[in-house]
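Numbered by this note's numbering, the letters in the sequence shown go through residues -16 to 234 in order.
For each residue, glycine too, the CB sits at the ideal point set by N, CA and C.
Everything numeric in this text was worked out from a predicted model, so none of it was measured.
Have a look at the structure below before the remarks.
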Amino acid sequence: MSDDDIARARERLRSAARVVVFTGAGVSAESGVPTFRGAGGLWREFRAEDLATPEAFARDPRLVWEWYGWRRELVARCAPNAAHDAIARFAASRPGVTLVTQNVDGLHQRAARAAGGNDAAVLALHGTLFGARCTRCGQRAPHDTPVDATSPDTLPRCEACGALLRPDVVWFGETLDPRVLDAAFDAARSADVCLVVGTSALVQPAASVATLAARAGATLVEVNAEETPLSGVAAFALRGRAGEIVPRLLD
Ligand code: BJW
Ligand code: ZN
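As C-alpha cells, then:
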C-alpha cells in the first residue's frame, strides 16, 4: 500500500455521490473489543455452537446470558477509536453516506452522537448487545442493566408477557431483520463507492453488502489488517490498521 493508493482512494471517496461504509469487528479492535476470528478472536476461545445459536440459548439460557453480560461490560469500558470517529464525521458532514455494520458493540452509534450525526441511521445488521427481545411475544427493548445470570430464575423477563428475554442480536441460523437488510442492500446497489473496514467477509448474508455493491459497479475500497475474500475484487485493498488508514481516507 502506497501513499498514492491512499490518495487515489481518498479522491474517489471525496467525489462519490453515494457511499456505503460497511464495517466488521476489525474496526473496533483498536478500541479493545475482541474480534471473532483470527488471533485473540472470540471464536478461538468460545464455541459459537454453545453461545451464538438459538439452540444454545434454548439449552442453556443462563450460560448464554452470562457470556453476553461479560461482553456488555467489556464493551462499556471501551470507547470509539479514530476510525469510528472519522466515519462518523464523514457521515455527518455530507449527504449520501450509509453506514452498515455487523457490529453489536454500539461504538459507531456513540461516535455518531459525538459528531452530531444521526445514530439511528446506522444499519446494524446483527442487532445490539444493549438490547433484549422477548422469546415469546418478540417485544424489543433497550436493555443495558447488569444481568443476574447466577441462576435461570434470575434471568431478565418480558414486562408484557413474562417470558424469558434474550439478547437482541442475530445468531447463526437466524434471519436478519428484513427492513435493515433491505435498506443495506438498496444502499449497496446504488453506491458509487463501498468502503469495507475490518471484516473477514465470511458471514452471509452480511458480506453480500460488499459483493452486491461491487457487482452493481461500485468501487470497492477495503481496509483490513489481512487479506480477505474481497481483496481480489477491491480496486483498493489497503492493508493495515483501521484507526490509522480510515482517518487518512475520510478526514
Ligand atoms: C482489522 C483490525 C484492525 C482485525 N484494523 N482490520 C455454510 C455453512 C454453514 C452455515 C452457512 C454457510 N453459508 C452461510 C451460512 C450461514 C451463516 C454463515 O454465514 N456462516 C459462515 C460463517 C459460514 N449465516 C447465518 O447463519 C446468518 N443467517 C442466515 O444465513 O439466515 C438464513 C438462514 C436461516 C436458517 C438456516 C440457514 C440460513 C446469521 C449470521 C449471524 C452472525 N452472527 C454473529 C454474532 C452476532 C452476535 C454477537 O456478536 O454475539 O455476528 S457471528 C460474528 O461474525 C458476528 C459478526 O458480526 C460476524 C462477522 O464477523 P466480522 O465482523 O467479519 O469479524 P471477524 O472476526 O471475522 O473479522 C475481523 C476482521 O478484521 C479480520 O479480517 C481482521 O483481519 C480484521 N482486523 N484488526 C483493520 N485493527
Ligand atoms: Zn413477551
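Outcome for residue i when other beta-carbon atoms lying within 10 angstroms are tallied against a minimum of 16
{"i": "glycine 226", "result": "buried"}
{"i": "arginine 30", "result": "exposed"}
{"i": "alanine 71", "result": "buried"}
{"i": "threonine 128", "result": "exposed"}
{"i": "glycine 23", "result": "exposed"}
{"i": "phenylalanine 73", "result": "buried"}
{"i": "alanine -10", "result": "exposed"}
Residue i beta carbon near the ligand BJW (any heavy atom closer than 8 angstroms)
{"i": "proline 150", "result": "yes"}
{"i": "tryptophan 154", "result": "yes"}
{"i": "glutamate 209", "result": "yes"}
{"i": "proline 63", "result": "no"}
{"i": "valine 10", "result": "yes"}
{"i": "serine 173", "result": "no"}
{"i": "glycine 7", "result": "yes"}
{"i": "glutamate 13", "result": "yes"}
{"i": "arginine 224", "result": "yes"}
Straight-line Cα distance separating residue j from residue i
{"i": "proline 17", "j": "aspartate 160", "result": "24 angstroms"}
{"i": "leucine 82", "j": "threonine 133", "result": "37 angstroms"}
{"i": "cysteine 170", "j": "alanine 65", "result": "The residue asked about is misnamed: residue 170 is alanine in this sequence, not cysteine. If I take the Cα positions, the gap works out to 24 angstroms."}
{"i": "threonine 158", "j": "glycine 121", "result": "14 angstroms"}
{"i": "alanine 196", "j": "threonine 137", "result": "45 angstroms"}
{"i": "proline 125", "j": "alanine 220", "result": "37 angstroms"}
{"i": "alanine 167", "j": "valine 4", "result": "10 angstroms"}
{"i": "glycine 200", "j": "valine 176", "result": "9 angstroms"}
{"i": "serine 214", "j": "leucine 203", "result": "9 angstroms"}
{"i": "arginine 224", "j": "arginine 119", "result": "42 angstroms"}
{"i": "glutamate 32", "j": "phenylalanine 19", "result": "13 angstroms"}
Beta-carbon gap between residue i and residue j smaller than 9 angstroms
{"i": "histidine 91", "j": "histidine 67", "result": "yes"}
{"i": "valine 58", "j": "valine 180", "result": "no"}
{"i": "aspartate 88", "j": "cysteine 61", "result": "yes"}
{"i": "proline 63", "j": "serine 14", "result": "yes"}
{"i": "valine 47", "j": "arginine 149", "result": "yes"}
{"i": "arginine 42", "j": "leucine 112", "result": "no"}
What is the chain-ordered set of residues for which the beta carbon lies under 6 angstroms from any non-hydrogen atom of the ligand ZN? Cys117, Arg119, Cys120, Gln122, Cys141, Ala143, Cys144, Ala146
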